[in-house]
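Novice: Just dropping this structure here.
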Amino acid sequence: MASEKIEIALPDGTVMEVPRGSTPRDVAERIGPGLARAALAAEVDGETVDLDRPIQADASLRILTKRDEDSLEVLRHSAAHVLATAVRELDPSARIGFGPPIDEGFYYDFGVERPFTPQDLEAIEEKMKEVVEADHTFQRQVVSKEEARELFSDDPLKLERLEEFDDDEVISVYRDGPFLDLCRGPHIPSTGEVKHFKLLSAAGAYWRGDERREMLQRIYGTAFFSEKELQEHLERLEEAGKRDHRVLGKELGLFTVDSRVGPGLILWEPSGSVIRREIEDYEQELILRHGYEIVYSPHVVSEELFEISGHLENFAENMFGAMEVEGRRYRPKPMNCPGHICIYQANQRSYRDLPIRYAEFGTVYRYERSGVLHGMLRVRGFTQDDAHVFCTEEQVPEEIERLLELVAEMLATFGYPYTIALATRPEKALGSEAQWARAEADLRAVLDERGLEYDVDEGGGAFYGPKLDFQLIDAIGRKWQGPTVQLDFNLPERFGLEYIGEDNERHRPVMLHRVLVGSMERFIGGLIEHYAGAFPLWLAPEQVRIFPVSEQWTESAHEVAEMLRAAGLRAETFDRETLGYRIREAETMKVPYMGVVGEREAGDGTVAVRKRGRGKKQEVMGREDFVKRLREEVERRALE
RNA sequence: GCUCUGGUAGCUCAGUGGUAGAGCGCUUCCUUGGUAAGGAAGAGGUCGAGGGUUCAAUUCCCUCCCAGAGCUCCA
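Per our numbering, the first sequence starts with residue 109, numbered consecutively.
In structure tokens:
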């Protein structure tokens with residue numbers, strides 16, 4: 109039996125015969141000593157495992173080195189163990205929660221007496237370096253539940269997790285030097301491989317994410333295979349910090365909040381308002397061109413409406429409280445759809461009227477827990493660029509097609525690449541299976557027809573219909589929630605929506621909800637970060653700033669600015685301090701264009717044009733040409 | 001909501017059991033400057049709000065308000 113062979117299929121297609129019970133490490137050694145040295149983990153039949161995990165049957169095998177995506181996860185998981193090892197060394201009484209790898213790093217939760225301070229993190233990081241230095245081997249061991257109970261008898265958190273194992277489940281523990289953890293694995297061969305890591309922050313986190321349970325102390329960190337990648341990651345974090353819309357919003361005077369107004373409620377300063385108005389004007393022009401009609405609905409609505417819509421039943425915890433007037437209860441609206449439905453129902457509708465597309469920049473109010481509020485990105489009052497399409501089932505594909513076109517046009521204008529996800533029927537769903545199947549098929553067909561790539565989020569749809577989610581990718585690669593399109597079988601039913609068909613019978617229309625920017629607040633908050641505050645000309649609150657070289661040319665500078673304003677451009681003059689100061693000020697405020705007027709320019713009717721961020725590279729041009737050039741750039745909404 | 005951290009001049013922040021400081025900004029004056037900070041003087045603060053301890057609180061304690069980080073990507 110011992111000499112029995114099994115077949116291992118390698119990624120290059122070759123098949124290797126090895127004794128049963130060989131480990132991936134054995135295979136790597138047979139392939140070559142270089143690979144054996146570089147090996148960190150392995151993928152056996154698609155499952156990531158340790159290098160010394162014996163293989164008992166024919167399998168496909170891939171040796172993972174630091175070049176493989178999946179290795180990074182293993183490394184970070186191991187880094188989390190190194191962290192826990194260090195924390196335990198410093199505080200043996202620390203209880204051990206969970207410590208998984210996450211998207212950009214890892215964390216570990218600890219049950220400790222007091223929260224970690226930044227000094228603690230430094231000390232822990234130093235201790236981690238010792239653990240790495242010691243190069244402890246990660247040793248996997250399979251134990252029985254009974255043995256595991258014994259091993260973790262002093263740690264109630266681990267014991268709790270242990271009790272959740274089914275009897276037939278394999279329970280594994282991993283040891284690295286002094287530290288033992290209940291862990292699924294896999295791990296890299298030894299702690300010495302965790303060379304480039306950094307602890308980033310500490311914060312409270314509920315045990316198992318349940319706010320009724322004990323709060324543990326979580327430490328976040330990240331790890332990479334090279335110092336270069338680590339440094340690049342830290343720089344990215346720093347860059348993201350510099351782009352923070354709250355900081356830029358303050359510096360550039362875009363928006364503010366005031367505790368007298370209330371948390372999560374945005375006040376738009378003039379400069380921010382310019383940006384918003386430009387976007388709203390643009391979008392209005394866009395959607396009118398795409399066949400929408402503009403409507404308006406009230407901010408405060410009788411509760412009766414939300415009883416019909418079901419919001420009171422399903423959305424109440426997100427709604428602002430009721431106010432009573434003349435014995436009737438009213439609510440600030442959390443959504444615009446019920447109002448639009450009432451407009452639809454204001455008249456009898458014929459199939460000849462459909463599709464009907466109502467759009468509104470509708471301001472809604474939603475209660476969000478105070479802890480989740482965040483600048484402009486998560487607020488309690490915001491304006492949606494909301495629209496509702498009422499159409500027949502047959503018209504759905506064409507409407508989806510139109511929406512895809514609309515989305516593509518709009519996102520290109522802002523320079524966002526995007527991805528699409530189709531969210532399908534969840535467990536608990538309204539409407540017949542056939543209805544869902546048809547709707548989903550319609551959505552797929554349109555996407556496929558256009559050759560668009562998309563992910564499928566199985567069961568991710570709303571209970572009332574499938575949806576398309578668009579995710580934006582910003583200038584530094586972060587993802588943002590973008591447009592959404594949702595089919596709705598629910599509200600037409602609840603409100604009893606009807607249209608008269610060709611057959612002179614009453615029929616139920618389908619309803620589509622869609623937003624493009626979603627919320628003006630969130631979208632513009634995101635745009636601030638996407639552009640790092642340097643808005644393209646058409647959106648820039650101040651588009652041009654004109655400086656005289658010295659006071660005697662102030663008049664000329666004013667003339668130029670006046671000319672620009674007459675052409676509809678937002679131009680100012682600035683003649684304080686020295687020329688260097690004025691340039692610096694304009695660069696800091698990220699004004700796209702600067703124009704300098706001195707003796708030469710005043711003499712021959714030109715202006716010396718400097719573009720934001722381009723340093724001294726200036727260009728002298730005629731004033732008319734300057735105006736023309738800027739007009740042209742605004743009109744095509746150029747990104748650069 | 002919960003845990004931790006913070007709230008001092010318009011902004012960014014230092015500081016102290018004996019009623020406060022810097023840089024930037026602001027005002028005024030000087031400077032008339034050719035592409036990222038010219039010089040000087042000055043004004044400006046109920047030290048988040050309320051209560052308590054104390055001879056004395058911006059500082060220590062309590063409550064509240066606001067802000068920030070985080071609150072399962074399941075060993």
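Positions of the beta carbon are idealized from the N, C-alpha and C atoms, including for glycine.
Could you give the DSSP three-state label for Glu233: helix, strand or coil?
Specialist: helix
Novice: What's the C-alpha gap between Phe332 and Tyr466?
Specialist: 50 Å
Novice: In whole angstroms, what is the alpha-carbon distance linking Asp178 and Leu118?
Specialist: Spanning the two alpha carbons is a distance of roughly 17 Å.
Novice: State the DSSP-derived secondary structure class of Lys698, mapped to helix, strand or coil.
Specialist: coil
Novice: Please return the same chain residues whose Cβ sits closer than 7 Å to the Cβ of Lys253, not counting the five positions on each side in sequence.
Specialist: Leu270, Phe273, Ile279
Novice: Is the beta carbon of Val195 sitting closer than 7 Å to the one on Ala202?
Specialist: Judged by beta-carbon spacing, Ala202 lies within the 7 Å limit of Val195, meaning their Cβ atoms are closer than that value.
Novice: Expressed to the nearest angstrom, what Euclidean distance is found between the alpha-carbon atoms of Gly676 and Glu337?
Specialist: 47 Å
Novice: Take the Cβ of Tyr639 as the centre, count every other Cβ of all protein chains shown within 10 Å, and call the residue buried at 16 or more, exposed below.
Specialist: buried
Novice: Ala202 by DSSP, collapsed to three states: which one?
Specialist: If DSSP states are grouped into helix, strand and coil, Ala202 belongs with coil.
Novice: Answer with buried or exposed for Ala495, where buried requires no fewer than 16 other C-beta atoms within 10 angstroms of its C-beta.
Specialist: buried
Novice: Return the chain-ordered list of same chain residues with a C-beta closer than 7 Å to the C-beta of His185, the five sequence neighbours on each side being excluded.
Specialist: Pro208, Pro209, Phe214, His295
Novice: Please classify Gly470: does DSSP put it in a helix, a strand, or coil?
Specialist: strand
Novice: Residues in the same chain with beta-carbon distance under 6 Å from Glu707, minus the five sequence neighbours each way, listed in chain order, please.
Specialist: Excluding sequence neighbours, Glu707 sits near nothing in its chain.
Novice: What did DSSP end up calling Val403 once you bin it into helix, strand or coil?
Specialist: Correct three-state label for Val403: coil.
Novice: If you run the structure through DSSP and keep just helix, strand and coil, what is Ile619?
Specialist: Before going on, a small fix: residue 619 reads as Met here, not Ile. The answer is strand: DSSP assigns Met619 an E or B state.
Novice: Going by CA-CA distance only, name the one from Val190, Ser417, Leu462 that's closest to Gly749.
Specialist: Nothing about residue 749 can be read from this structure; the chain reaches only from 109 to 748.
Novice: Which partner residues does Leu324 have in the DSSP bridge list?
Specialist: Ala313
Novice: Taking Cβ positions, are Met443 and Val480 nearer each other than 7 Å?
Specialist: If you check the CB distance, Met443 and Val480 do not come in under 7 Å.
Novice: For the putative contact between Arg653 and Met702, defined by C-beta atoms under 8 Å, what is the C-beta separation to the nearest angstrom?
Specialist: 5 Å
Novice: For Asp577, is the classification buried or exposed, using 16 other Cβ atoms within 10 angstroms of its Cβ as the cut-off for buried?
Specialist: Buried, because 16 or more other Cβ atoms sit within 10 Å of the Cβ of Asp577.
Novice: Quick check: what's the CA-CA separation for Pro644 versus Asp134?
Specialist: 58 Å
Novice: Closer than 8 Å by C-beta to Val504: which residues in its own chain qualify, once you throw out the five before and the five after it? Chain order, please.
Specialist: If we look at Val504 and ignore the five residues flanking it on each side, its Cβ neighbours are Ala547, Asp550, Leu595, Val618, Leu620.
Novice: Compare the beta carbon distance of Val554 and Ile584 with 7 Å and say whether it is the shorter of the two.
Specialist: no
Novice: Using a Cβ-Cβ cutoff of less than 7 Å, which residues in the same chain neighbour Asp366 once the five nearest sequence positions on both sides are dropped?
Specialist: Excluding the 5 residues flanking it on each side, Asp366 has same chain C-beta neighbours closer than 7 Å at Leu375, in chain order.
Novice: On the CB-based measure, 16 or more other CB atoms within 10 Å of its CB, does Leu560 come out buried or exposed?
Specialist: By the neighbour-count rule (16 or more Cβ atoms within 10 Å), Leu560 is not buried but exposed.
Novice: List the endpoints of the continuous alpha helix (DSSP H) containing Glu125.
Specialist: Where Glu125 is concerned, there is no enclosing alpha helix (DSSP H), although the beta strand (DSSP E) it sits in stretches over 123-127.
Novice: Can you tell me whether Ile449 is helix, strand or coil according to DSSP?
Specialist: helix
Novice: How would you call Met109, buried or exposed, if buried means at least 16 neighbouring beta carbons within 10 angstroms?
Specialist: Annotation note: pLDDT 48 at Met109 (below 50); position unreliable, no value reported.
Novice: Would Ala542 be called buried (16 or more neighbouring beta carbons within 10 Å of its own) or exposed?
Specialist: exposed
Novice: Can you tell me where the alpha helix (DSSP H) holding Gln726 begins and where it ends?
Specialist: Segment 726-730 is the beta strand (DSSP E) holding Gln726; no alpha helix (DSSP H) there.
Novice: Between Ala167 and Ile116, how many whole angstroms is the CB-CB distance? I'm expecting something under 8 Å.
Specialist: 6 Å
Novice: Taking only runs that begin and end inside the region 543-608, name each unbroken alpha helix (DSSP H) of 4 or more residues, in chain order.
Specialist: 598-603
Novice: Along the chain, where does the alpha helix (DSSP H) containing His419 start, and where does it finish?
Specialist: 419-422
Novice: Whole-angstrom Cβ separation of Pro440 and Val487, contact assumed at under 8 Å?
Specialist: With a Cβ gap of about 13 Å, Pro440 and Val487 do not count as contacting.
Novice: Near Phe423, which residues of its chain fall below 7 Å by C-beta distance, leaving aside the five closest residues on each side in sequence?
Specialist: Pro442
Novice: For Ile402, count neighbouring C-beta atoms within 10 Å of its own C-beta (all shown protein chains included) and say buried if the count is 16 or more, exposed if not.
Specialist: exposed
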